[in-house]
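Please read the structure below before turning to the comments.
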Ligand SMILES: *Cc1c(COP(=O)(O)O)cnc(C)c1O
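Residue numbers (the working numbering): 34 to 401.
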C-alpha cells in the first residue's frame with residue numbers, strides 16, 4: 034500500500050499544471066471585496082452583530098445538539114414562521130448551511146412517490162448534485178424551457194421533479210419562474226427552486242422570485258441575509274416530512290444561537306432595503322456596460338452577479354492578479370466550478386460598496 038500522500042501529491046501537481054489548483058489565501062482586508070456574496074452588506078450591519086451577540090449571551094455559543102434532541106425555542110419557531118410568510122409558504126425549516134440542506138433534503142424528497150425522475154438545469158450548483166448523488170439526472174440546457182419541455186414529454190412518470198435555481202451563481206442570470214411553474218403544472222411535475230442568490234435581493238421586499246410558485250423553495254442565510262445557514266420552505270406537510278426523514282436535519286447540531294440572532298435582525302431589515310436593492314442593480318448594469326465596452330462577454334447576467342469570460346483558466350487568474358494589484362478582490366472561477374473553456378472573473382457586487390470603491394472597480398475593469 035502506498036502512503037496516502039504518494040497518491041495525493043501527483044494529483045495536486047496535475048491540477049497545478051492545468052491552472053486548476055485551489056489554495057486557501059489569507060484575506061487582505063485592505064482589498065475592496067467584489068467576490069463575496071454579502072449583497073446588502075448585512076454581514077457587518079450593527080443590528081445583526083448586536084442581535085448575534087444578544088442571542089449568544091442568552092442561549093450560549095453553541096446549540097448543543099440537534100433540535101430534535103435539545104428542543105426548539107419558541108423564538109426559533111417564530112423565526113421559521115416569519116421566513117415562511119416572507120416566502121409566501123405555509124412553513125419553513127432552518128439548516129446550518131445550504132450545502133447541507135440541498136444534499137439532504139433532495140434524498141428525503143426522492144423517497145416519495147414511485148420511480149422519481151429528476152430534470153436538472155446543466156448549470157445547477159454543486160450542492161444540488163450532491164443531493165442527487167447517483168440518481169440519474171435528465172439534464173436540460175441551461176434555462177432552456179423548450180428543451181425541458183421536450184424532455185418532460187420524452188420521459189413520462191408518476192413522480193417527476195424539476196430542480197433548478199432562480200439566480201445562477203456563476204452566470205448571474207435568472208430563470209423564468211412563472212414559465213417554469215406553469216410548465217411544471219402542465220406536465221404534472223414538482224418544482225424545487227434554489228434561491229441562494231435571489232433571497233434578499235430580488236422580488237417584492239427581496240423575498241426572491243419563487244413567490245409561492247415552487248413546490249419546494251430553498252435559500253441561504255449566509256449571502257444577502259448576512260449571517261449563516263439556509264432555509265427550506267413549502268407546505269406544512271413537507272416540513273413535517275423533513276423533520277422525520279431528512280438526515281441532514283435530524284442528525285446535525287442546530288445552527289448557532291448567533292446565526293439565529295443575525296437572522297432575526299436580517300428579517301427585520303431586508304424587506305425595507307429597496308434603496309439598497311435598486312443601487313445594487315444600477316451598479317451591476319454599469320459594470321456590465323464597462324465590461325462589454327472592453328469586449329468582454331457577460332453572458333446573460335441581469336443581476337448583482339456579473340461574469341467576465343476569459344476562457345482559459347490561466348488568463349482569468351492573471352486578470353484576478355491584476356485587479357488585486359489595483360486593490361480589488363475579484364475571484365477567478367475555473368472548471369470544474371464552471372464548464373471547461375469558460376473560466377471567468379465573477380464579480381459579485383454589494384450595496385455596501387462606496388461610490389469611490391465602485392469607481393475604482395470600473396477604472397480597473399477598463400484597464401483589463
Ligand atoms: C452558496 C450556494 C449554496 C450553498 O449554501 P451555503 O449556505 O453556502 O452552504 C446552495 N446553492 C447555491 C446556488 C449556492 O450558490
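Where a beta carbon is used, it is the ideal one built from N, C-alpha and C, also for glycine.
Pair within 9 Å by beta-carbon distance, residue i and residue j
i           : j           : result
residue 349 : residue 378 : yes
residue 398 : residue 251 : no
residue 363 : residue 68  : yes
residue 355 : residue 395 : no
residue 204 : residue 340 : yes
residue 292 : residue 133 : no
residue 304 : residue 239 : yes
residue 235 : residue 310 : yes
residue 336 : residue 317 : yes
residue 227 : residue 197 : yes
residue 216 : residue 178 : yes
residue 268 : residue 144 : no
Residue i beta carbon near ligand 1 (any heavy atom closer than 8 Å)
i           : result
residue 132 : yes
residue 256 : yes
residue 262 : yes
residue 313 : no
residue 176 : no
residue 202 : yes
residue 160 : yes
residue 180 : no
residue 71  : no
residue 227 : yes
residue 230 : yes
residue 13  : Absent from the structure is residue 13, since the part of the chain shown begins at 34 and ends at 401.
Residue span of the beta strand (DSSP E) that contains residue i, given as start and end
i           : result
residue 267 : 263–267
residue 173 : 170–173
residue 79  : Not the beta strand (DSSP E): residue 79 falls in the alpha helix (DSSP H), residues 79–92.
residue 364 : 364–366
residue 209 : First-last for residue 209: undefined, no H or E at that position.
residue 402 : Given a span of 34 to 401 for the chain in the structure shown, any question on residue 402 remains unanswerable.
C-alpha gap between residue i and residue j, whole angstroms
i           : j           : result
residue 231 : residue 300 : 15 Å
residue 153 : residue 135 : 13 Å
residue 386 : residue 74  : 8 Å
residue 357 : residue 189 : 51 Å
residue 191 : residue 223 : 11 Å
residue 352 : residue 365 : 8 Å
residue 237 : residue 99  : 33 Å
residue 388 : residue 314 : 14 Å
residue 361 : residue 367 : 19 Å
residue 169 : residue 148 : 11 Å
residue 172 : residue 376 : 22 Å
residue 233 : residue 103 : 30 Å
residue 44  : residue 202 : 27 Å
Any non-hydrogen atom of ligand 3 closer than 8 Å to residue i Cβ
i           : result
residue 388 : Questions concerning ligand 3 fall outside what the structure shown contains, since the ligands it does hold are ligand 1.
Start and end residues, alpha helix (DSSP H) containing residue i
i           : result
residue 294 : 290–302
residue 224 : Not the alpha helix (DSSP H): residue 224 falls in the beta strand (DSSP E), residues 223–227.
Residue i (DSSP reduced to helix, strand or coil)
i           : result
residue 202 : coil
residue 276 : helix
residue 66  : strand
residue 35  : coil
residue 381 : strand
residue 330 : coil
residue 344 : strand
residue 396 : helix
residue 252 : strand
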